[in-house]
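Participant: The structure under discussion is supplied below as structure tokens; questions concerning it will follow.
Numbering (our numbering), first residue to last: 186 to 397.
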């Protein structure tokens, strides 16, 4: 049976938002070598894909947190998806800057927001969770009750799982590394050796990078 996770993974593959290359690794901005590269910003250019994402995020959010009052997006990649989800749910939407503005009113949360409101935060990609958890902390500092964090895709890294547990914030993503591998293996796009290498990367990205 094809799940939403598999559908979204396939959609990301189809538009080249996610690519696997265990034999010729990518170099991330951090300098790490990686067998996977994900650019979910590409999803905004494909109406069917962004509709698939928005409708399923909206369904998941309403199911888990029916009392949500505000949809928040992380700047910048989470903003368009938060807007589409907010439209689906007929809810207000805000976005959270990576840091407060250095001019004007110095806001970090942009949009109509009142302390005490129940907020769900949306990001496009979850790796270690650092940036979205910083955004969540900023929202909490302004008085938001952050119910949970939602994303399109997660690398399922152990460091990320630890960080969300430490922050005591639940994370839900539509798709993830496991679903991506399952789709690629089902299509015979990976050898057993490549699949093993990809799983080794997920378990310890730094060690994998050092070895490649």
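Virtual Cβ for every residue (Gly too), placed ideally from N, Cα, C.
By Cβ distance below 6 Å, which residues in the same chain neighbour residue 365 in space, the five residues on each side in sequence not counted?
Facilitator: 194
Participant: So is residue 308 buried or exposed if we call it buried at 16+ other beta carbons inside 10 Å?
Facilitator: buried
Participant: Which residues does DSSP pair with residue 360 in a beta bridge?
Facilitator: 338
Participant: I need the boundaries of the alpha helix (DSSP H) containing residue 394, first residue and last residue.
Facilitator: 390-396
Participant: Starting from the C-beta of residue 327, find all residues in its chain whose C-beta is less than 8 Å away, skip the five residues before and the five after it, and write them out in chain order.
Facilitator: 293, 294, 298 and 300
Participant: As a quick exercise: from 367, 191, 197 and 347, pick the residue whose alpha carbon is nearest that of residue 312.
Facilitator: 347
Participant: Short of 6 Å in beta carbon distance, which residues of its chain neighbour residue 280, apart from the five on each side in sequence? Order them along the chain.
Facilitator: 258, 260, 264 and 295
Participant: What would DSSP say about residue 255, mapped onto helix, strand or coil?
Facilitator: strand
Participant: Which residues in the same chain as residue 217 place their Cβ atom closer than 8 Å to its Cβ, once the five residues preceding and following it in sequence are excluded?
Facilitator: 390, 391 and 394
Participant: Taking only three categories from DSSP, how would you classify residue 200?
Facilitator: coil
Participant: Under a Cβ-count criterion, where at least 16 other Cβ atoms within 10 Å of its own Cβ denotes burial, should residue 329 be classed as buried or exposed?
Facilitator: buried
Participant: Quick one: what's got a C-beta closer than 6 Å to residue 224's C-beta in the same chain, skipping five residues either side?
Facilitator: 202
Participant: When DSSP builds the beta bridges, which residues end up paired with residue 218?
Facilitator: 212
Participant: State the Cα-Cα distance for the pair residue 305 and residue 331, rounded to the nearest angstrom.
Facilitator: 6 Å
Participant: For residue 264, report the span of its alpha helix (DSSP H) as first-last.
Facilitator: 264-274
Participant: Relative to the alpha-carbon of residue 283, which residue among 315, 274 and 269 has its alpha-carbon at the smallest distance?
Facilitator: Residue 283 has its Cα closest to that of 315, out of 315, 274 and 269.
Participant: If you follow the alpha helix (DSSP H) that residue 166 is in, where does it begin and where does it stop?
Facilitator: The requested residue 166 does not occur in the structure, where the chain is confined to residues 186 to 397.
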